[in-house]
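The structure under discussion appears below in the form of structure tokens.
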Amino acid sequence: MTLSLRPQVISVIVSLIWTCVLIMVQMQALRRELSSGVRPLHETFVALVRVFAKKGLSTRAIEILAAMERYKYDIRKAWLVLVEELVRNHYLEDANTVFLKGAKGGLQGTDELYDLLIEEDCKAGDHSNALTVAYQMEAAGRMATTFHFNCLLSVQATCGIPEIAFTTYENMEYGGEDYMKPDAESYNWVIQAFTRATSHDRAPDVAEVLGMMVEDYKRIQPNARTYALLVECFTKYCMVNEAIRHFRALRRIPGGTKVLYNEGNCGDPLSLYLRSLCLDGRADELLEALEAMAADGQTIAPRGMILNRKYRTLVSSWIEPLQEEADVGFEIDYVARYIEEGGLTGQRKRWVPRRGKTPLDPDEFGFAYSNPIESSFKLRCFEELKLYHRRLLITLRNEGPGILGDVSEGDVRRVVERLKKLVVGPKKNVVKPKAASKMVVSELKIELEAQGLPTDGTRQVLYQRVQKARRINRSRGIPLWVPPVEDDEEVDEELEEMISRIKLEDGNTEFWKRRFLGETRNHLCEEDSKEVPDLENELDEDDDDDDDTKEAEEDEIDEEEAIERTRNQAGDNETKDKPTKGPNQHLQMIGVQLLKDLDKTSGSTKKLKRIPEIDDDEDWFPEDPIEAFKVMRETRMFDVADMYTTADAWGWTWERELKNKMPRKWSQEWEVELAIKIMNKVIELGGTPTIGDCAIILRAAMRAPVPSAFITILQTTHSLDHKFGSPLYDEVILLCLELEEIDAAIAVVTEMETNGIKVLDETLDRVLAPKQSVNGNSALQPPTE
Numbered sequence: 001m002t003l004s005l006r007p008q009v010i011s012v013i014v015s016l017i018w019t020c021v022l023i024m025v026q027m028q029a030l031r032r033e034l035s036s037g038v039r040p041l042h043e044t045f046v047a048l049v050r051v052f053a054k055k056g057l058s059t060r061a062i063e064i065l066a067a068m069e070r071y072k073y074d075i076r077k078a079w080l081v082l083v084e085e086l087v088r089n090h091y092l093e094d095a096n097t098v099f100l101k102g103a104k105g106g107l108q109g110t111d112e113l114y115d116l117l118i119e120e121d122c123k124a125g126d127h128s129n130a131l132t133v134a135y136q137m138e139a140a141g142r143m144a145t146t147f148h149f150n151c152l153l154s155v156q157a158t159c160g161i162p163e164i165a166f167t168t169y170e171n172m173e174y175g176g177e178d179y180m181k182p183d184a185e186s187y188n189w190v191i192q193a194f195t196r197a198t199s200h201d202r203a204p205d206v207a208e209v210l211g212m213m214v215e216d217y218k219r220i221q222p223n224a225r226t227y228a229l230l231v232e233c234f235t236k237y238c239m240v241n242e243a244i245r246h247f248r249a250l251r252r253i254p255g256g257t258k259v260l261y262n263e264g265n266c267g268d269p270l271s272l273y274l275r276s277l278c279l280d281g282r283a284d285e286l287l288e289a290l291e292a293m294a295a296d297g298q299t300i301a302p303r304g305m306i307l308n309r310k311y312r313t314l315v316s317s318w319i320e321p322l323q324e325e326a327d328v329g330f331e332i333d334y335v336a337r338y339i340e341e342g343g344l345t346g347q348r349k350r351w352v353p354r355r356g357k358t359p360l361d362p363d364e365f366g367f368a369y370s371n372p373i374e375s376s377f378k379l380r381c382f383e384e385l386k387l388y389h390r391r392l393l394i395t396l397r398n399e400g401p402g403i404l405g406d407v408s409e410g411d412v413r414r415v416v417e418r419l420k421k422l423v424v425g426p427k428k429n430v431v432k433p434k435a436a437s438k439m440v441v442s443e444l445k446i447e448l449e450a451q452g453l454p455t456d457g458t459r460q461v462l463y464q465r466v467q468k469a470r471r472i473n474r475s476r477g478i479p480l481w482v483p484p485v486e487d488d489e490e491v492d493e494e495l496e497e498m499i500s501r502i503k504l505e506d507g508n509t510e511f512w513k514r515r516f517l518g519e520t521r522n523h524l525c526e527e528d529s530k531e532v533p534d535l536e537n538e539l540d541e542d543d544d545d546d547d548d549t550k551e552a553e554e555d556e557i558d559e560e561e562a563i564e565r566t567r568n569q570a571g572d573n574e575t576k577d578k579p580t581k582g583p584n585q586h587l588q589m590i591g592v593q594l595l596k597d598l599d600k601t602s603g604s605t606k607k608l609k610r611i612p613e614i615d616d617d618e619d620w621f622p623e624d625p626i627e628a629f630k631v632m633r634e635t636r637m638f639d640v641a642d643m644y645t646t647a648d649a650w651g652w653t654w655e656r657e658l659k660n661k662m663p664r665k666w667s668q669e670w671e672v673e674l675a676i677k678i679m680n681k682v683i684e685l686g687g688t689p690t691i692g693d694c695a696i697i698l699r700a701a702m703r704a705p706v707p708s709a710f711i712t713i714l715q716t717t718h719s720l721d722h723k724f725g726s727p728l729y730d731e732v733i734l735l736c737l738e739l740e741e742i743d744a745a746i747a748v749v750t751e752m753e754t755n756g757i758k759v760l761d762e763t764l765d766r767v768l769a770p771k772q773s774v775n776g777n778s779a780l781q782p783p784t785e
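Each residue of the sequence shown is one higher than the one before, counting from 1 in my numbering.
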């Protein structure tokens, strides 16, 4: 029997045999020299130690060191070689044992050896030995630097107790020496420790660390990993606004989405971010994320498609109606589907809803079956418009009527009333249908016709038919039909032009510097300063009349800017309106770093500490913001040079334009346009939309209606090997005919025939009839002179 081995294996075996033979020969030669009374050279012993260390024979190497001591040789160099070779040849445990044994015997390592041992121990997760080596290094007179602290943080960040990592960070931050100050990697480890901790809500802790990093912007700057960890944190804790901000910063770094994806590790943060955008109705930001992935060559993970129990993915899960399954034009065998999902065997997935602020778990058993109720894109657009107009209203309150230019008091009140109406929104009173007994014949016919019921007969017949239809709808839980309420409000162009003069100054450092120095409209214009209090009182009284609306709007502000408040608490309080308003006041995105030698305030709206030279019985800090700014300038407790925004600190020059730009008003056409773009981008990234996705987008295009999009959606659907049922195709064709889009109807018929889908004869006749009528009339038309 012959044994065949590969040449590579044979060469390895030969090499091992030759090394063993060489070691034996060297040892025999050494024994002969020792027995003959010859004193070996120091280099001979070092060479033997190196050979033994490469093969992991630490015991033999130690024996050589003992022999060197008998000959009165200095063993430090051999000891260094032994430890270093053991580490480099992956005998880390033996290297630690030899190093500690030598250190206790008085041997001192080199800087390179200390660094190597600490780094390798931390890579292996051996925090105890790494810390012991660090203590030995400090005992030898060399203090730990940022490099050593970062190595320790890398282990502490994965131990599940982030407080340990934060303690190490505080030792670095407040150590007082420049060589141990935290760098970007230090902050990354601490943020990772809090982000991936499994207990409690860690978002406030991350916000605190983030605030410290922003304050230290002159020395360090975030990198791609910083932004990726922040997106991961804010996504897991359902803070979508902050996740979007930091993702926009990440996408400007080449390959940023690959860092966020992290090869699918740590819960696949990229897929989780895409999920959160869909659940929050952020279709515009979703398309932005998909485009960033395409630019980085990043494919979409199957789990990122967010399949829910209605068979909708990120392609359509943000389109209203959210929780309805698409009508694909043919009957669905729900019993067969139930069996396929494992209903008979008990394997059918169930969904357990998340509670509170616990992080999202994409691998939760049953998550693929049903995810939480999503917010629609339409609802999100309305909420953003309300928030934008509320910010305009608050800016008008803060800056005074002078911001509108040369306008009368009546114009100011018109602007205020208009903004208040846009903020509150239309009244949400439930419209009840009119009693059938009080309806005239025309009203009865309108209701019946809207529900597709016959409209012939006497008034008594129509009345009974309406009553029966209402009873059926009640029994089935269907809302009763009510006549549509048309908003016939005319747009006042003059009023809209005055509103457009109000400019938001979020992130504008120069504006807030001028405000602090007293160069604001309220301070310079006496007329404005006289009118502002009345305007504020009026708004406050109106707010008191509708407490529920006020609280809901303030909740929106709190959710929108929770992280800004945490990050910039101290500075925000000095640059905003009267402190008596409390935390519900609208806060601008301004970061202010107080002087280092002053005690830090709590960041709340409480009065600041008293000046020593002023009587302790008197509150020196005035309530009026203008007077407060004046006192701060005179006492030099605050310097304008310490005011900065995120754009100043991290170069987010793009954020100011995005935050101060008026949101686009929702329209069905815009929704369809976005849906088509998202579907095409998902296909480009390797995703596969379901037939339900295609049907939902087609239905949205029919509701708009957008006939030009019908053929595009159908072609994409057929390219995915999806085919609808005949009723849905008939609806599309008939809608084209109703809209007098003959060419669109013919294009749909042609597409159906190309893909082998049968067209009903009745439908085909209705498509060809208008064309034949047009052709016939043109043929019978006599020539004109």
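Using N, Cα and C, we set each Cβ at its ideal position, and we do this for glycine too. Keep in mind that this is a model prediction, so the values were computed, not measured.
8 Å contact criterion, which residue i and residue j should meet: CB distance rounded
i	j	result
Leu314	Leu250	At roughly 19 Å, the Cβ-Cβ gap does not stay under 8 Å, so Leu314 and Leu250 are not in contact.
Glu232	Pro269	4 Å
His796	Val87	With the chain running from 1 to 785 in the structure shown, residue 796 is simply not present.
Ala228	Leu277	Ala228 to Leu277, Cβ: 16 Å. No contact.
Ala647	Glu655	6 Å
Val415	Leu404	6 Å
For residue j and residue i, the rounded distance between their alpha carbons
i	j	result
Leu444	His718	43 Å
Leu286	Ser186	31 Å
Tyr73	Gly56	23 Å
Lys434	Gly256	58 Å
Arg303	Ser271	7 Å
Arg202	Phe382	30 Å
Val751	Glu740	Reading off the sequence, residue 751 comes out as Glu, not Val. Near 19 Å, if we compare the C-alpha coordinates of Glu740 and Glu751.
Asn223	Asp111	28 Å
Val81	Met212	43 Å
Ser667	Glu341	37 Å
Ser316	Ile691	11 Å
Ala701	Cys736	12 Å
Arg348	Asn308	14 Å
Val441	Ala450	14 Å
Thr44	Met68	10 Å
Leu344	Tyr334	13 Å
Glu669	Ile626	48 Å
From the options, residue whose alpha carbon lies closest to that of residue i
i	options	result
Gln460	Met439, Ser475, Ile472, Arg474	Met439
Glu208	Ile220, His200, Phe194, Phe149	Phe194
Leu480	Leu448, Lys630, His389	Leu448
Cys151	Glu119, Arg88, Thr168	Glu119
Cys694	Tyr644, Glu684, Val706, Met679	Met679
Met180	Val190, Asn188, Thr168	Thr168
Pro727	Tyr338, Phe149, Val328, Glu684	Val328
Glu242	Leu230, Leu453, Lys378	Leu230
Thr688	Phe149, Ala67, Leu344, Tyr311	Tyr311
Leu714	Pro705, Val732, Ala704	Val732
His148	Lys123, Pro162, Thr44, Cys278	Lys123
Val206	Met637, Lys236, Val133, Phe377	Lys236
Lys659	Ala283, Glu291, His389	His389
With 16 other Cβ atoms within 10 Å as the buried cut-off, status of residue i
i	result
Trp318	buried
Val767	buried
Cys159	exposed
Met143	exposed
Ile478	exposed
Ser437	exposed
Gly686	exposed
Ala289	buried
Ala745	buried
Glu409	exposed
Near the ligand SAH: residue i beta-carbon under 7 Å from a heavy atom
i	result
Thr168	Looking for the ligand SAH in the displayed structure turns up nothing, as the structure carries no ligands at all.
Touching or not, the region 381–393 and the region 406–424, by the rule of three or more beta carbon pairs under 8 Å?
-> Yes: at least three Cβ pairs fall under 8 Å.
With contact counted as at least three CB pairs below 8 Å, one residue from each stretch, are the region 742–760 and the region 711–730 in contact?
-> yes
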